[in-house]
Amino acid sequence: MLSLSERIKRLKPSATIALSEKARELRASGKDIINLSLGELDYTPPTFMKEAAIKAIQDNHNRYTPVNGILALRQAIAQKLQAQHGVAYSPNSVCVSTGAKQALFNICMALLNPGDEVVLLAPYWVSYPHMVEINGGVPVVVETSAQDGFKPTAEGLEQVITPKTKAIILNSPNNPSGVVYTRDDMQAIAQVLRKHPHVAIVCDDIYQELVYGDAEFTSLLQVAPDLKDRTFTVNGWSKSHAVTGWRMGYAVGPEDAMKAISKIQSQSTSGACCITQHAALAAIENEPTFLNEWRNSLNHKRRLFSDFFNQNHMPCVETAGAFYLFPNVEYYYTGSIQNDDDMCAYLLENADVSLVPGSAFGTPHHVRFSYAPDEALLTEGCNRLLNALKKLKQERL
Ligand code: PLP
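If you count by my numbering, then the sequence shown holds residues 48 to 444, one letter each, in order.
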């Protein structure tokens with residue numbers, strides 16, 4: 048019998064695994080399950096990007112690249128950050144990775160000593176606490192409320208920052224809430240963080256391009272360039288260019304820390320795939336005009352399905368980005384259904400629809416609904432939800 052490492056034994060099982068296994072089982076048994084828990088767009092990636100990947104193969108780009116990525120790509124990323132966030136970086140401050148996820152993991156590994164605390168703002172992306180724990184850290188959660196639009200208050204942040212706090216992870220536009228922080232929100236967060244110079248700031252900007260209506264993406268560095276020496280920006284093309292399976296992302300941060308991150312990467316993957324790095328370069332060099340159409344369609348679905356939930360006693364906070372809604376489902380609690388896990392299990396069994404319970408993101412009583420699928424499928428999914436929920440309502444009366 049192999050004995051696993053203590054570190055892995057300490058890792059809590061994923062909160063959503065039982066449910067996704069159940070969904071898989073039901074699908075395998077022939078049930079037509081509508082999956083509304085997807086974290087990826089079903090659009091076709093832009094042609095210029097596909098052509099760049101094909102060309103990279105035909106041009107015989109077959110070998111290891113520098114561990115932190117090809118120079119042209121790192122230069123282009125540094126220039127993009129300068130243009131968009133107004134802060135100058137050298138290409139040595141950039142490390143290209145196998146998805147934004149690896150970039151985040153690398154940062155945790157580079158920063159954390161056992162017992163170091165990392166502040167997460169609930170609702171947070173489901174992987175953050177696990178990444179922190181695998182790397183010996185302790186997640187410290189700041190709860191936010193729907194009344195505050197799922198944004199942290201200055202007092203909430205102040206309360207959790209201690210001398211043990213090593214980092215905070217910010218994510219706007221947010222997965223799972225769809226909330227986008229305004230300039231004022233970012234300024235308020237920066238104001239708190241200025242008082243705590245020992246805290247590193249990790250900005251997960253992976254949904255930067257998916258912002259709708261009058262809302263605008265604001266980065267922390269745009270409002271607080273003075274925090275540059277302890278800020279990491281993580282981004283990639285998975286969401287903006289619909290290439291989740293190509294596995295490309297990057298981190299940009301203080302040069303010393305980025306050197307350490309390259310060292311980690313040199314002993315784990317030796318660097319990102321050379322073919323997708325050429326495709327990523329094309330993605331930076333070409334204007335993302337295709338995004339206008341994607342945004343219009345996503346914004347339409349955002350409005351349509353926010354109305355659906357709001358009109359059916361499942362209030363959603365006003366969202367402005369990503370492709371998720373995060374409705375509260377407490378209205379329908381009855382009998383044995385008393386939390387969001389029960390609710391998702393019930394809806395999977397009785398509506399053949401799979402959603403993600405809010406508890407997985409640190410915010411119970413909500414469910415995450417992804418409006419990435421096409422409108423017809425979403426409409427069918429919502430009709431099924433409504434029928435199953437009506438039964439619960441009748442039970443309650
Ligand atoms: N950060 C957030 C908030 C995400 O939702 C995801 C993917 O779902 C990632 C990072 C990971 O992105 P990638 O696919 O580039 O690793």
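We treat Cβ as the ideally placed atom computed from N, Cα and C, and that holds for glycine. Remember, it's a predicted structure, so these values are computed and weren't measured experimentally.
Handout entry: DSSP state of N222 mapped onto helix, strand, coil
Key = Correct three-state label for N222: coil.
Problem - Simplified DSSP assignment, three categories, for A298 - result: DSSP, reduced to helix, strand and coil, places A298 within a strand of the structure shown.
Exercise for the section: For N153, verify whether its CB is less than 7 Å away from any heavy atom of the ligand PLP. Expected result: Because no heavy atom of the ligand PLP lies under 7 Å away, the Cβ of N153 does not count as near it: no.
Exercise for the section: State the CB to CB distance for the pair S285 and A103, rounded to an integer number of angstroms; the pair is presumed to be in contact (CB under 8 Å). Expected result: The pair is not a contact, with the Cβ atoms about 18 Å apart (cut-off 8 Å).
Exercise for the section: Name the two residues that bound the continuous alpha helix (DSSP H) containing C155. Expected result: From DSSP, the alpha helix (DSSP H) with C155 extends over 146 to 158.
Problem - T291 CB to nearest heavy atom of the ligand PLP below 7 Å - result: Correct: T291 has its Cβ closer than 7 Å to the ligand PLP.
Practice task
Name the residue from V188, D276, Y297 whose alpha carbon lies nearest to the alpha carbon of G283.
Solution key: Nearest of V188, D276, Y297 to G283, Cα basis: Y297.
Problem - Among F408, L439, G428, L433, nearest to I80 - alpha-carbon criterion - result: Measuring C-alpha to C-alpha distances from I80 to each of F408, L439, G428, L433 identifies G428 as the nearest.
Practice task
In angstroms with no decimal places, state the Cα-to-Cα distance between D163 and W172.
Solution key: Those two C-alpha atoms are separated by around 19 Å.
Practice task
Return the chain-ordered list of same chain residues with a C-beta closer than 8 Å to the C-beta of I311, the five sequence neighbours on each side being excluded.
Solution key: Leaving aside the five residues that flank I311 on each side, the residues in its chain whose CB is nearer than 8 Å to its CB run, in chain order, N153, M156, A157.
Problem - Alpha-carbon to alpha-carbon, Q122 and A392 - result: A392 and Q122: Cα-Cα distance of roughly 47 Å.
Practice task
Buried or exposed for K348, please, with buried defined as at least 16 other CB atoms from any protein chain shown within 10 angstroms of its CB.
Solution key: Result: buried.
Problem - Inter-residue spacing [alpha-carbon to alpha-carbon] between A330 and D232 - result: Distance from the CA of A330 to the CA of D232, rounded to the nearest whole angstrom, comes to 30 Å.
Exercise for the section: Please name the residue or residues paired with G283 in a DSSP beta bridge. Expected result: Beta-bridge pairing links G283 to G296.
Exercise for the section: Would you please state the rounded distance, in angstroms, between the beta carbons of F197 and S219? I believe it to be under 8 Å. Expected result: That pair is no contact at about 10 Å.
Practice task
Go through its chain and collect everything with a Cβ distance to T145's Cβ below 8 Å, but skip five positions before and after it.
Solution key: Excluding positions up to five away in sequence, the list reads R294, M295, G296, T316, A319, C320.
Problem - Beta carbon nearer than 6 Å to a non-hydrogen atom of the ligand PLP - result: So the residues near the ligand PLP by this Cβ test are G86, G146, A147, K148, W172, N218, N222, D251, I253, G283, S285, T291, G296.
Practice task
Check whether the Cβ atoms of S287 and E256 sit closer than 8 Å, and answer yes or no.
Solution key: Here S287 is near E256, since their CB atoms are less than 8 Å apart.
Handout entry: Three-state secondary structure assigned by DSSP to G260
Key = The answer is coil: DSSP assigns G260 none of H, G, I, E or B.
Practice task
Sort T112, A247, V290, I253 by Cα distance to T91 and report the nearest one.
Solution key: Comparing Cα-Cα distances from T91 to each of T112, A247, V290, I253, the minimum goes to V290.
Handout entry: Sub-8 Å separation of V165 and V189 beta-carbons
Key = No, the pair does not count as a contact, with Cβ atoms beyond the cut-off.
Practice task
State the DSSP-derived secondary structure class of L439, mapped to helix, strand or coil.
Solution key: DSSP places L439 in helix when its eight states are reduced to three.
Handout entry: Start-end ranges of the beta strand (DSSP E) lying completely within the region 349 to 387, minimum 3 residues
Key = Here no run is fully enclosed.
Problem - 8 Å CB neighbourhood of V179 in its chain, flanking five on each side removed - result: Closer than 8 Å at Cβ, skipping near neighbours: C155, L159, V165, L167, V185, P186.
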